[in-house]
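Residue numbers (our numbering): 35 to 543. Cβ coordinates follow ideal geometry from the N, Cα and C atoms, glycine included.
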Amino acid sequence: MFKIMTAEEAATLINDGDVIALNSFLGIDNPVELHEAIYDRYKKTGYPKHLTMVSSAGFGAWDENKAAEGYIRDGAVDKIICGHFGAMYSTKKLVLEDKFEAYNLPLGCISHALRAQAGGLPGALSKVGLDIFVDPRLEGPGINNISKDDSLVKYVELDGEEFLYYKLPRINVAIIKGTAADRKGNISFEDMYTAGDALSIAQAVKANGGKVIVQVDSLVVRPSRPHSTIIPGCLVDAIVEIKPEPRHAAYESLTGSFEIPYSQWQDWAEMLEKRTSTRSIVNTSAEIIGKRAARELREDDIVNIGVGIPETVSKYARENGILDKITLTVEAGGVGGFPASGKVFGAVIGADSIYDMANQFDLYNNGGLDICFMGGIEVDRFGNVNAHKGPGAFAGVGGFANITAKTSTVVFCMTFNAKGLNVEEKDGKISIINEGSVSKFVSDVKSISFSAKRARENDQKVLYVTERCVFELADKGLKLVEVYPGIDIERDVLSKIPFDVEVDESLEY
């Protein structure tokens, strides 16, 4: 039977050595006050400690002094298993300092492993991850020097096919954020931006004899409609009511509480961007890339657009008159509408449907997307892409590996080089004013997020769109298929790549 308690009381339910599953998505739907109550207890008593944290999509608050950052930084956590560390500002730095074990698995594979555990299975099979960094035949999921747990991902063969087997430690504490709890303890999610893995986590924890702790905005007497209840009260142990602070009306566009027609998407997106953006000034290179990449869209496409440079694709999809003729999706479970960006990435403006995250990755893993637009840190001579591991920095692969694994057309949107690149576009011609000092085309990537070998085996179309040219994945590696007006093939492209590339016969140089 559930109990209503304070955040401080709920924090005492967590014991040394517990394995905690969190349902947040990067910086959204995070029970910040629960985390801070855990930190307060840890500062006062030294407990709980030796914790393991499991999260498909990360659990930060874009602030190194909020949510779980404090007790992670002060030593309460021994191990983190996560799809993405981007919103966890101090944690992702400590990972590279070997302060605790840290493992990065594809977001969708963690989600499916949580669902498997809810169903009484120890793990989940997937073809996602084969021949990229997480494959134990290459690097494995460990991020730093002390992360040696080889039980999380195993290579297996079954009925003549290759798979990776993802197995999480048995989770015994759930920390979840919901909208309201009724008198029966049922948890509804009306004002949440996503359902995420909430139900799978609660089911798994209860099956493992653990504690399900839910923070809600309010306690209500009247039960919500059954279809709005994500977690039934029989699965809940503790409910903590924390009245939310007032928020700007722009955030209400993400709850699905009212209809937002296509004609208003841009207005709501602009309102949100003013309050949540992590981007700086307009980048000419990104605009050029987005404009060219958007030409790959076709009517009725089911689409995923990544963060960063790929986000400019939606702008030009609107200008091309196709944005309302395609279906956009986001990893957190949203289908239709317009994905939000910045600190509310994972939420959707005017979504048609928001379902459990594991179901979204069923769609992605099985080739349900027609096209995706992804960023990248570097590309090598084979066409492999590193999108998760930069020099001295680490955010994580997130849903990238799942999204690119089987999508029919994969479009990588990235600048030709970085750090100092300055490009101008005038009268349809591109001028390179200054080259960047860091090349993004390298002989071998530092770590593989996308396998060109697998893409060829899956007969995927793969494009690499830059601000000056377009490459395509060919049988032996990269093939230069397009050069923009104003760009000299030899001077601006071929001479600046440290390996030979095939040049399409239609290009003269």
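Three CB pairs or more closer than 8 Å across the region 430–437 and the region 141–151
The region 430–437 is in contact with the region 141–151.
Can you tell me where the alpha helix (DSSP H) holding G104 begins and where it ends?
For the purposes of this step, residue 104 is identified with residue 70 of the sequence shown, where counting begins at 1. First-last of the alpha helix (DSSP H) with G104: 103–107.
Among the residues of its own chain, which have a CB less than 7 Å from the CB of S160, if the five just before and after it don't count?
Looking up residue 160 in the sequence shown gives position 126. Taken in chain order, the residues that qualify are C143, H146, F197, L198, Y200, N399.
Which residues bound the alpha helix (DSSP H) around L68?
The residue you call residue 68 lines up with position 34 of the sequence shown. L68 -> alpha helix (DSSP H) spans 66–79.
Go through its chain and collect everything with a Cβ distance to S222's Cβ below 6 Å, but skip five positions before and after it.
In the sequence shown, counting from the first residue as 1, residue 222 sits at position 188. If we look at S222 and ignore the five residues flanking it on each side, its Cβ neighbours are T213, A214, S258, S262, T263.
Host beta strand (DSSP E) of E196 (start-end):
For the purposes of this step, residue 196 is taken as the residue at position 162 of the sequence shown. Segment 195–201, the beta strand (DSSP E) holding E196.
Sorted by chain position, which residues of the same chain lie with C-beta nearer than 6 Å to D404's C-beta, five sequence neighbours on each side aside?
Counting from 1 along the sequence shown, the entry for residue 404 is found at position 370. Sequence-distant Cβ neighbours of D404 in its own chain, meaning closer than 6 Å and more than five residues away, are D335, I336, S442.
Pop quiz: I453 and S471 are said to be a contact at Cβ under 8 Å. What is the actual Cβ separation, rounded to whole angstroms?
Counting from 1 along the sequence shown, the entry for residue 453 is found at position 419. Counting from 1 along the sequence shown, the entry for residue 471 is found at position 437. Note on identity: in this sequence residue 453 is Lys, with Ile being the wrong assignment. The C-beta distance from K453 to S471 rounds to 5 Å, short enough to meet the 8 Å contact threshold.
DSSP state of K123 mapped onto helix, strand, coil:
For the purposes of this step, residue 123 is taken as the residue at position 89 of the sequence shown. The identity of residue 123 in the sequence shown is Tyr, whereas the question assumes Lys. Taken through DSSP and simplified to helix, strand or coil, Y123 comes out as helix.
Restricting to Cα atoms, I'd like to know which of V378, V246, G324 is closest to M408.
Translated into the one-based positions of the sequence shown, residue 408 becomes position 374. Taking only the C-alpha atoms, the option nearest M408 is G324.
Starting from the C-beta of A555, find all residues in its chain whose C-beta is less than 6 Å away, skip the five residues before and the five after it, and write them out in chain order.
This structure leaves residue 555 out entirely; the chain is present only between 35 and 543.
What does the Cβ neighbour count give for E458, buried or exposed, with the cut at 16 atoms within 10 Å?
Locating residue 458 in the sequence shown gives position 424, where the first residue counts as 1. In summary, E458 is exposed, with fewer than 16 beta-carbon neighbours lying within 10 Å of its beta-carbon over all protein chains present.
List the endpoints of the continuous beta strand (DSSP E) containing S53.
In the sequence shown, residue 53 corresponds to position 19, counting from 1. The residue asked about is misnamed: residue 53 is Val in this sequence, not Ser. Taken as a continuous stretch (DSSP letters only), the beta strand (DSSP E) holding V53 covers 53–59.
Backbone CA spacing between K510 and F416 [nearest angstrom]:
As a working mapping, residue 510 is identified with position 476 in the sequence shown. As a working mapping, residue 416 is identified with position 382 in the sequence shown. C-alpha separation (whole angstroms): 7 Å.
CA-CA distance, T449 and K474?
On the sequence shown, residue 449 is found 415 positions in, with the first residue counted as 1. On the sequence shown, residue 474 is found 440 positions in, with the first residue counted as 1. Taking C-alpha positions only, T449 is separated from K474 by approximately 7 Å.
Leaving out five residues before and five after V255 in sequence, what residues of the same chain have Cβ atoms less than 6 Å from its Cβ?
Translated into the one-based positions of the sequence shown, residue 255 becomes position 221. Within the same chain, R217 come within 6 Å of V255 by CB-CB distance, once the 5 residues on both sides are set aside.
Do the CB positions of F428 and L130 come within less than 8 Å of each other?
Counting from 1 along the sequence shown, the entry for residue 428 is found at position 394. Counting from 1 along the sequence shown, the entry for residue 130 is found at position 96. Against a cut-off of 8 Å, the Cβ pair of L130 and F428 comes out as a contact.
Quick one: residues in its chain with C-beta nearer than 7 Å to the C-beta of D414, no 5 flanking neighbours on either side, listed in chain order?
Taking the sequence shown and counting its residues from 1, one reaches residue 414 at position 380. Excluding positions up to five away in sequence, the list reads V476, S477, D478, V479.
Let me know the beta strand (DSSP E) ranges lying completely inside the region 344–411, each 3 residues or longer, listed in chain order.
Complete beta strand (DSSP E) runs here, min 3: 361–363, 405–408.
Given a threshold of 16 other Cβ atoms within 10 Å of its Cβ, counted over all protein chains shown, does N354 qualify as buried or as exposed?
The residue you call residue 354 lines up with position 320 of the sequence shown. Exposed.
If you draw a straight line from the C-alpha of K513 to the C-alpha of G340, how long is it?
Taking the first residue of the sequence shown as 1, we reach residue 513 at position 479. Taking the first residue of the sequence shown as 1, we reach residue 340 at position 306. When rounded, the separation of the alpha-carbon atoms in K513 and G340 is 24 Å.
Rounded C-beta distance between K547 and E321? I'm assuming under 8 Å.
The question about residue 547 has no answer, for the chain in this structure spans 35 to 543.
Around the Cβ of I247, are there at least 16 other Cβ atoms within 10 angstroms (buried) or fewer (exposed)?
Taking the sequence shown and counting its residues from 1, one reaches residue 247 at position 213. I247 should be labelled buried.
Whole-angstrom Cβ separation of A152 and L288, contact assumed at under 8 Å?
For the purposes of this step, residue 152 is identified with residue 118 of the sequence shown, where counting begins at 1. For the purposes of this step, residue 288 is identified with residue 254 of the sequence shown, where counting begins at 1. With a contact defined as Cβ atoms closer than 8 Å, A152 and L288 miss out at about 27 Å.
Beta-carbon gap between L362 and G371 smaller than 8 Å
Position 328 of the sequence shown, counted from the start, is the residue given in the question as residue 362. Position 337 of the sequence shown, counted from the start, is the residue given in the question as residue 371. Yes, they are a contact pair.
Look at K440 and G410 and say whether their C-beta atoms are less than 8 Å apart.
Within the sequence shown, numbered from 1, the residue matching residue 440 stands at position 406. Within the sequence shown, numbered from 1, the residue matching residue 410 stands at position 376. Against a cut-off of 8 Å, the Cβ pair of G410 and K440 comes out as no contact.
Let me know the secondary structure DSSP gives Y285 once reduced to three states.
Counting from one through the sequence shown, the residue named residue 285 turns up at place 251. DSSP places Y285 in helix when its eight states are reduced to three.
My assumption, with CB atoms under 8 Å, is that L497 sits in contact with E330. Please give the rounded CB distance.
Here residue 497 is taken as the residue at index 463 of the sequence shown, counted from 1. Here residue 330 is taken as the residue at index 296 of the sequence shown, counted from 1. With a beta-carbon spacing of about 7 Å, L497 and E330 fall inside the 8 Å limit used to define contacts.
Check M87 in the structure and name its three-state DSSP category.
On the sequence shown, residue 87 is found 53 positions in, with the first residue counted as 1. In the three-state DSSP reduction, M87 falls in the strand class (E or B).
Going by Cα to Cα distance, which pick from S319, L68, V364 is closest to I343?
By one-based count along the sequence shown, residue 343 stands at place 309. Ranking the options by Cα distance to I343, first place goes to S319.
So D231 and S90 are supposed to be a Cβ contact under 8 Å. How far apart are they, rounded?
The count along the sequence shown starts at 1 and reaches residue 231 at position 197. The count along the sequence shown starts at 1 and reaches residue 90 at position 56. With 8 Å as the limit, D231 and S90 qualify as a contact, their Cβ atoms being about 6 Å apart.
Buried or exposed: I273, going by 16 or more other Cβ atoms within 10 Å of its Cβ?
Numbered from its first residue, the sequence shown carries residue 273 at position 239. Taking every protein chain shown into account, the CB of I273 has 16 or more other CB atoms within 10 angstroms, so this residue is buried.
What separation, rounded to the nearest whole angstrom, lies between the Cα atoms of E135 and Q298?
In the sequence shown, counting from the first residue as 1, residue 135 sits at position 101. In the sequence shown, counting from the first residue as 1, residue 298 sits at position 264. Roughly 45 Å separates the two Cα atoms.
Would you mind working out which of I294, R281, Q300 sits nearest R309, comparing C-alpha positions?
Locating residue 309 in the sequence shown gives position 275, counting from the first residue. For the residues I294, R281, Q300, the minimum Cα distance to R309 belongs to R281.
One or two residues paired with S442 in a DSSP bridge
If you number the sequence shown from 1, residue 442 lands on position 408. S442 pairs with nothing; no bridge assigned.
Which residues in the same chain as R171 place their Cβ atom closer than 7 Å to its Cβ, once the five residues preceding and following it in sequence are excluded?
Residue numbering aside, residue 171 sits at position 137 when the sequence shown is read from its first letter. Here the set comprises Y189.
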